Amino acid sequence: MSYDVIVIGCGLAGATCARELAERGGQRVLLLERRPHVGGNAYDCEDGSGILIHKYGPHIFHTNNERVYRYLSRFTDFSDYMHTVTANIHGNFVPVPFNFNSIERVFGDRAPGLIKKLTDKYPEGTKIPIFELTEQNDPELSELADYVFNNVFAHYTEKQWGVPITEVSRETLARVPVFLSRDDRYFQDTYQGMPKDGYTAMFERMLDHGNIEFCLGTDARDRVRFEGGVITLDGEAFDGRVIFSGALDELFDYRYGDLPYRTLDFGFETHGVDSFQPNGTVNYTVDMPYTRITEFKKLTGQKKAGVTTIMKEYSRACTRGDNPYYAILNKENLELYGKYKELADRYPSLFLVGRLAEYKYYNMDAIVARALELCDRLI
Numbered sequence: 091m092s093y094d095v096i097v098i099g100c101g102l103a104g105a106t107c108a109r110e111l112a113e114r115g116g117q118r119v120l121l122l123e124r125r126p127h128v129g130g131n132a133y134d135c136e137d138g139s140g141i142l143i144h145k146y147g148p149h150i151f152h153t154n155n156e157r158v159y160r161y162l163s164r165f166t167d168f169s170d171y172m173h174t175v176t177a178n179i180h181g182n183f184v185p186v187p188f189n190f191n192s193i194e195r196v197f198g199d200r201a202p203g204l205i206k207k208l209t210d211k212y213p214e215g216t217k218i219p220i221f222e223l224t225e226q227n228d229p230e231l232s233e234l235a236d237y238v239f240n241n242v243f244a245h246y247t248e249k250q251w252g253v254p255i256t257e258v259s260r261e262t263l264a265r266v267p268v269f270l271s272r273d274d275r276y277f278q279d280t281y282q283g284m285p286k287d288g289y290t291a292m293f294e295r296m297l298d299h300g301n302i303e304f305c306l307g308t309d310a311r312d313r314v315r316f317e318g319g320v321i322t323l324d325g326e327a328f329d330g331r332v333i334f335s336g337a338l339d340e341l342f343d344y345r346y347g348d349l350p351y352r353t354l355d356f357g358f359e360t361h362g363v364d365s366f367q368p369n370g371t372v373n374y375t376v377d378m379p380y381t382r383i384t385e386f387k388k389l390t391g392q393k394k395a396g397v398t399t400i401m402k403e404y405s406r407a408c409t410r411g412d413n414p415y416y417a418i419l420n421k422e423n424l425e426l427y428g429k430y431k432e433l434a435d436r437y438p439s440l441f442l443v444g445r446l447a448e449y450k451y452y453n454m455d456a457i458v459a460r461a462l463e464l465c466d467r468l469i
């Protein structure tokens, strides 16, 4: 079989591009994936106790993009799961983002007065950055802002990014809100849910097309080379398009050095109980070396009595061979990425899509949207 397109990487970006170009574009697609399974980081599977787990960390689908929702709904039905997160603050489970219910949980009898002060100044339903509250010259609102910053955000962020809170950009800090609402959902998107049969089943349906040939357990660098402005497949010049969704520094053999990322380690535990914690995700914001615990049954809705599996999540610096998760976005790193992007631009038929290839953080729906938009242009 000869190919019109090579897609490297079988996560959401690669799978969406492969299906669109094969089906809507009528093109013959070779999909290469280094891992022995489809789905990228969204891959899920049953563990030894029969619990469906997300092997590379929890993935919760949510979007306001109707096109993305309709597209993925072709390959899966979604449950009506609404994600909630609590912060374990010295044993007190407090809703996050911090909202009216959180204020009542923490401040007790003082809560009505604090809520009134907030609603007198701002419309209900808005998210107020805590720094804005500290600038109101009101000692009670400043106390509220300080509590949220110190107990919900500061230590958690230090663990997540591995730097003192003083080194975290003000832009990041400005996104810490107090949500003027009793809506405990972590996301307020129009479309939310979990694939009823799991993410892996969704990916398998996406790739079930006669124009797609996919090779798992295959390092693309063993078959596809980028040298001197020429792309080769298995040693012969390839004149079709290549869509790349992997790490750009790795593609060019780390010529200018490594792009910095944070990675994650996971500790899975199976417990002989029906339920381990009050909701799917609990953030540990003031203690513990891990950032959060996920209980998968509460995400997937799986019914299995007497057993549950949890996952503790640890963040650390990424080294070669690790799974890169979060790009560390600062001026120096973006300049380094720009040098790799200049190398990529020497290959007019090479297209970059996804969080690693673009050195950005994307939610799942944004990755699918980017892939669909790319295919719109190519088709």
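Read in order, the letters of the sequence shown are residues 91 to 469 in the numbering used here.
No residue lacks a Cβ here, since even glycine has one placed at the ideal position from N, Cα and C.
Computed from a predicted model, the values in this text were never measured in an experiment.
On the criterion of 16 or more Cβ atoms from any shown chain inside 10 Å, does Y374 qualify as buried, or is it exposed? Here Y374 is buried: its Cβ has 16 or more other Cβ atoms, across all protein chains shown, within 10 Å.
- [ ] Name the residue from V238, F269, L204 whose alpha carbon lies nearest to the alpha carbon of E214.
- [x] Per the C-alpha coordinates, the member of V238, F269, L204 positioned closest to E214 is F269.
Mind reading off the beta-carbon distance from T462 to G115? Whole number of angstroms is fine, and I expect it under 8 Å.
Reading the sequence as shown, one finds Leu at residue 462 and not Thr. The C-beta distance from L462 to G115 rounds to 12 Å, too long to meet the 8 Å contact threshold.
- prompt: Of the residues K286, Q392, E113, E123, which one's Cα is nearest the Cα of C305?
  reply: The closest CA to that of C305, considering only K286, Q392, E113, E123, is found on E123.
- prompt: So I218 and Y212 are in contact, right, with Cβ under 8 Å, and what is the actual spacing, rounded?
  reply: Rounded, the Cβ-Cβ distance is 6 Å, consistent with contact.
Cα-Cα separation, M378 to T353:
Roughly 18 Å between the two C-alpha positions.
Under the three-state DSSP convention, the category R467 falls into: Under the three-state reduction of DSSP, R467 is assigned to helix.
| message | Here's a check: name, in chain order, each residue in its chain whose Cβ is nearer than 6 Å to the Cβ of N178, leaving out the five neighbours to either side. | response | Spatial neighbours of N178 in its own chain (CB-CB distance under 6 Å, excluding positions within 5 residues in sequence) are listed in chain order as V372, Y374.
Query raised in the report: Roughly how many angstroms separate the alpha carbons of I193 and R345, rounded to a whole number?
Result: A straight-line Cα-Cα distance of about 51 Å links I193 and R345.
Between A105, L121, R109, A112, which has its C-alpha nearest T308's C-alpha?
Scanning A105, L121, R109, A112 for the CA closest to the CA of T308 turns up L121.
Looking at the structure shown, is A395 part of a helix, part of a strand, or coil, going by DSSP? Here A395 sits in coil by DSSP.
Practice prompt. Could you please give the first and the last residue of the uninterrupted alpha helix (DSSP H) stretch that includes H245?
Written response: Where H245 is concerned, the enclosing alpha helix (DSSP H) stretches over 245–251.
C-beta atoms of T166 and T280 nearer than 9 Å:
Contact: no.
- Message: Quick check on this structure: which residue in Q282, E257, F293 has the alpha carbon closest to the alpha carbon of E156?
- Response: That would be Q282, whose Cα lies nearest to the Cα of E156.
Review point. For the beta strand (DSSP E) that T384 lies in, which residues bound it at each end?
Key: Unbroken beta strand (DSSP E) run through T384: 382–385.
Leaving aside the five residues before and after I418 along the sequence, list all residues of the same chain whose C-beta is less than 6 Å from its C-beta, in chain order.
-> These residues qualify, in order along the chain: P350.
ask   = F356 bridges to which residues according to DSSP?
value = According to DSSP, F356 bridges with E403.
Taking C-beta to C-beta, are T384 and G396 nearer than 9 Å?
No. Outside cutoff.
Let me check understanding here. Comparing Cα to Cα, which of C107, L102, L142 lies closest to V128?
Looking at the Cα atoms, L102 is the closest of the given residues.
TODO: Leaving out five residues on either side along the sequence, give the residues of the same chain with a beta carbon under 7 Å from the beta carbon of A434.
DONE: Within the same chain, A434 has close Cβ partners L338, L440, L442.
Got a sec, what are the start and stop residues for the beta strand (DSSP E) V332 sits in?
Unbroken beta strand (DSSP E) run through V332: 331–334.
Q) Taking C-alpha atoms, which residue in A407, I205, S163 lies nearest to R272? A) Of the listed residues, the one whose Cα sits closest to R272 is I205.
- Item | Under 9 Å between C-beta atoms of L389 and H144 | Taking C-beta atoms as the reference points, L389 and H144 count as a pair closer than 9 Å.
Could you tell me the alpha carbon to alpha carbon distance between I98 and F334, rounded to whole angstroms? Here the C-alpha atom of I98 lies approximately 5 Å from the C-alpha atom of F334.
Three-state class that DSSP yields for F316 in the structure shown = The three-state secondary structure of F316, taken from DSSP, is strand.
With a CB to CB cut of under 7 Å and the five nearest residues on each side skipped, what residues in its chain are close to H245? Hits under 7 Å: T375, V376.
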